[in-house]
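*Asks:*
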Ligand SMILES: [Cu+2]
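Numbering (my numbering), first residue to last: 306 to 458.
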């Protein structure tokens, strides 16, 4: 048998080191990312338009609250964070200067709620990389898929 042959060749210590090595590696290679961006997408602008929306979910895996203060990327001349508020019985978009994410929490930028507005959009090859800027100065880069309009909002 293979293991028996290994033990015969190198002695029991070899097997022990081999197993310790595997266990020792596991924590550092399998840690989740400190910040996890998922469902990241940019809606393909309708023909003739260069303004569109972007969406993502941001999970804070760190043990401290973080604050998202902006989003940028080469794909658009400017990108703003917006939220939707009910004002005078009407749902209206308003700038969202920043949003805090508690440890372990997820914030959603999704159709009908918080969202990105991208101005002067030039979509190249999919996906586009956007930079999510945190108040700490950390920049979280994430690929954003380009998606077509599937529902109105
Ligand atoms: Cu908006």
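A virtual CB, placed ideally from N, CA and C, is assigned to each residue, including glycine.
Because the structure is a prediction, the values reported are computed rather than measured.
Does DSSP put residue 397 in a helix, a strand or coil?
*Replies:* In the structure shown, residue 397 sits in a strand (DSSP, three-state: E or B).
*Asks:* Using DSSP bridges, identify the partner residues of residue 345.
*Replies:* According to DSSP, which records beta bridges pairwise, residue 345 is partnered with nothing at all.
*Asks:* Look at the alpha carbon of residue 413 and the alpha carbon of residue 379, and state the distance between them as a whole number of angstroms.
*Replies:* About 22 Å.
*Asks:* Report yes if the CB atom of residue 411 is closer than 8 Å to the CB atom of residue 361, and no otherwise.
*Replies:* Not closer than 8 Å, so no.
*Asks:* What residues does ligand 1 have around it, judged by CB closer than 5 Å to any heavy atom, in chain order?
*Replies:* Residues with a Cβ closer than 5 Å to any heavy atom of ligand 1, in chain order: 387, 398, 422.
*Asks:* Taking residue 356 as part of the beta strand (DSSP E), name the residues at either end of that continuous run.
*Replies:* Where residue 356 is concerned, there is no enclosing beta strand (DSSP E), given that its DSSP letter is neither H nor E.
*Asks:* If I measure Cβ to Cβ from residue 368 and keep anything under 8 Å in the same chain, skipping five residues before and after, which residues do I get?
*Replies:* Hits under 8 Å: 408.
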